[in-house]
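*Asks:* Under UniProt numbering, residues 1 to 372 are what the sequence shown spells out, in order.
Cβ atoms here follow ideal geometry from the backbone N, Cα and C, with glycine treated the same way.
Source: prediction; values computed, not measured.
Got a structure for you, questions after.
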Amino acid sequence: MKIVLVNVWLDAERGGGTAERTRWLALHLARLGCKCNIVTMGPTPWLDDFTAAGIDVMQLRFVGQRFPIPLPPPLKILRLFRAADIIQVMGFWFLLGALCSGLARVVGKPLVLCPAGSLTKYGRSARLKRIYFQIAGRWMIRASDTVIATTEQERRLLISDFDVEPEKIFVSPNGIEAGEAGTRVAPVIPKARSILFVGRLTAIKAPDLLLEAFAAAAAAMPDVTLVIAGPDLGLRPQLELRTAELGLQSRVAFAGFVDEEKRSFLLGQTSLLVVPSHSEVMSMVALEAGAMGVPVLLTDQCGFDEVAKIGGGRVVPVDITALSNAMQQMISDDDALTASGQRLRAFVLEHYAWPNVAGHLLAHFRNLRPAS
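So, in structure tokens, the structure goes:
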């Protein structure tokens, strides 16, 4: 089967979870015998891996950063799309996705849309997003043959807020690569304990709430450090200023963007991962943490309530007090933390291994393929 995957960025710093999902999905579909092509903008650090797997990457030129405008070779993309059996567009709020959705309809090939949690009323540039939705987004949803939801929570949101027909939605979670499920590395400071945040420093990810929650509990856990890792999307100066106001400069560390190796290292030495987001779908870093036996505290807006159901961590409202209380309770019991981490590890490896996720999605793709 010939599959084209479209994603605006194909590096973890700019593309985040959608880039990671595209990366691993392409690699595992290739291992299942598919011929995969990726259309993206700009460079990718994973090009050697893609080349080794027989995956071709079309890297388009573009102008602009916040709202990049692609400069594609239309005829080249049309030839690629005509030869494909399935075209999947990852993400939503980018012109590349709208362009490729239109070209998929021109050549009459099945179009799969995977918003990957981006269809939410919470976030930046609300006015521009409303305009984009009216001009292109609504049509993209209607034109697609299927819409991928990564969680049941996202499925309900697509139905209630965006009028997607229930029968059009296919739930396919994020996955975890088996190689990421290694044992923990030794802590840098064995006697120290830390709480970790990994994500973009932007309002929707709520590192500001986590900082306030940590401050509220700091006196009760004097040996615990908060590590905030992730690329800055404008919030870091505010966070650093607030850290100083709280007098927590010695207790809060800002690590900046961390690549896969550094992220695994930080997970290996942390006591607890916290995902305080206002809106999230199947956090990739929560899966990575689980695969390494790290317990997770996350909000009830993350679509991963199974964490609490299987005893792999806690799920709380998006609230400073709730986060602070849960953080303090969890970090105070090392034995319980270890047990939670092991339960989460077993659950993640059983249900979210990429070979299984990719296999189920491929079966769905085959049902969409036009009869020859």
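#1: Express the C-alpha separation of Gly359 and Pro45 in angstroms, rounding to a whole number.
#2: Between the Cα of Arg193 and the Cα atoms of Pro74, Lys168, Asp223 and Val39, which residue gives the shortest distance?
#3: Across which residues does DSSP place Gln59 in a beta bridge pair?
#4: If Gly42 sits next to Phe92, beta carbons under 8 Å apart, how far is it from one beta carbon to the other, in whole angstroms?
#5: Roughly how many angstroms lie between the CA atoms of Arg79 and Thr150, to the nearest whole one?
#6: Output the distance between the C-alpha atoms of Ile176 and Gln249, rounded to the nearest integer angstrom.
#7: Any idea what DSSP makes of Leu5, helix, strand or coil?
#8: Which one of Leu266, Ala217 and Lys205 has the shortest CA to CA distance from Leu239?
#9: Return yes when the Cβ of Thr202 is within less than 8 Å of the Cβ of Met90, no when it is not.
#10: Should Ser160 be labelled buried (16 or more other beta-carbon atoms within 10 Å of its own) or exposed?
#11: Would the region 221-235 and the region 334-344 be scored as touching if the rule is three or more Cβ pairs under 8 Å?
#12: Could you have a look at Ile331 and say whether DSSP puts it in helix, strand or coil?
#13: Give me, in chain order, the residues of the same chain whose beta-carbon lies closer than 6 Å to that of Arg61; leave out the 5 immediate sequence neighbours on both sides.
#14: Give the single residue among Ile69, Gly313, Ile87 and Gln301 whose Cα lies nearest to the Cα of Thr146.
#15: With a threshold of 8 Å, are at least 3 pairs of Cβ atoms found where one atom belongs to the region 242-257 and the other to the region 300-315?
#16: Just to confirm before moving on: does the CB-CB distance between Glu154 and Val57 stay below 8 Å?
#17: Any idea if Val185 is buried or exposed, counting beta-carbon neighbours within 10 angstroms, 16 or more meaning buried?
#18: Would you call the region 205-221 and the region 270-290 in contact, with 3 or more CB pairs under 8 Å?
#19: Here's the rule I'm using: 16 or more other beta-carbon atoms within 10 Å means buried, otherwise exposed. How should Val171 be labelled?
#20: For the candidate residues Ala286, Ser264, Leu233 and Gly290, whose alpha-carbon lies nearest to that of Leu14?
#21: Can you list, in chain order, the residues of its chain with a C-beta nearer than 7 Å to that of Ala104? Leave out the 5 residues immediately preceding and following it.
#22: For Asp49, would you say it is in contact with chain C, using Cβ-to-Cβ distances shorter than 8 Å as the test?
#23: How far does the alpha helix (DSSP H) with Cys100 in it reach, from first residue to last?
#24: Would you kindly report the start and end of the unbroken beta strand (DSSP E) that includes Leu287?
#25: Would you mind sorting Gly341 into buried or exposed? The rule is 16 or more other CB atoms within 10 Å of its CB.
*Replies:* Let's see:
#1: One-based indexing of the sequence shown puts residue 45 at position 45. One-based indexing of the sequence shown puts residue 359 at position 359. Those two C-alpha atoms are separated by around 25 Å.
#2: If you number the sequence shown from 1, residue 193 lands on position 193. Checking every option, the nearest Cα to that of Arg193 belongs to Asp223.
#3: Numbered from 1 along the sequence shown, position 59 holds the residue referred to as residue 59. Beta-bridge pairing links Gln59 to Thr40.
#4: Within the sequence shown, residue 42 is the residue found at index 42, counting from 1. Within the sequence shown, residue 92 is the residue found at index 92, counting from 1. Between Phe92 and Gly42 the Cβ distance is about 19 Å, and since that is not below 8 Å, they are no contact.
#5: Reading the sequence shown from its first residue, position 79 is the one you call residue 79. Reading the sequence shown from its first residue, position 150 is the one you call residue 150. If I take the Cα positions, the gap works out to 30 Å.
#6: The count along the sequence shown starts at 1 and reaches residue 176 at position 176. The count along the sequence shown starts at 1 and reaches residue 249 at position 249. Using only the alpha carbons, I get a separation of about 34 Å.
#7: One-based indexing of the sequence shown puts residue 5 at position 5. Residue state, collapsed to three classes: strand.
#8: Locating residue 239 in the sequence shown gives position 239, where the first residue counts as 1. Selected option, being the one with the closest Cα: Lys205.
#9: Locating residue 90 in the sequence shown gives position 90, counting from the first residue. Locating residue 202 in the sequence shown gives position 202, counting from the first residue. No, Cβ-Cβ distance for Met90 and Thr202 is not below 8 Å.
#10: The residue labelled residue 160 in the question sits at position 160 within the sequence shown. Per the 10 Å Cβ criterion, exposed.
#11: no
#12: Working through the sequence shown from its first residue, we reach residue 331 at position 331. Helix.
#13: Stepping through the sequence shown from its first residue, residue 61 is reached at position 61. Leu71.
#14: For the purposes of this step, residue 146 is identified with residue 146 of the sequence shown, where counting begins at 1. Minimum Cα distance to Thr146 is reached at Ile87.
#15: no
#16: Taking the first residue of the sequence shown as 1, we reach residue 154 at position 154. Taking the first residue of the sequence shown as 1, we reach residue 57 at position 57. Not a contact, by the Cβ cut-off of 8 Å.
#17: Here residue 185 refers to the residue found at position 185 of the sequence shown. At Val185 the pLDDT is 42, less than 50, meaning the model places this residue with poor confidence; the figure from the coordinates comes in the next sentence. Exposed, by the Cβ-count rule.
#18: yes
#19: Numbered from its first residue, the sequence shown carries residue 171 at position 171. Counting Cβ neighbours within 10 Å, Val171 comes out exposed, since fewer than 16 surround it.
#20: Taking the sequence shown and counting its residues from 1, the one referred to as residue 14 is at position 14. Correcting the residue identity first, residue 14 is Arg in this sequence and not Leu. Checked all of Ala286, Ser264, Leu233 and Gly290; the closest Cα to Arg14 is Leu233.
#21: Here the question's residue 104 lines up with position 104 in the sequence shown. Hits under 7 Å: Phe81, Ile87 and Leu111.
#22: Looking at the structure shown, chain C is missing, and only one protein chain is on hand.
#23: Position 100 of the sequence shown holds residue 100. Element bounds for Cys100: Leu95 to Val107.
#24: Counting from one through the sequence shown, the residue named residue 287 turns up at place 287. Taken as a continuous stretch (DSSP letters only), Leu287 belongs to no beta strand (DSSP E), being part of the alpha helix (DSSP H) at Met284 to Ala291.
#25: The residue labelled residue 341 in the question sits at position 341 within the sequence shown. Buried is the call here.
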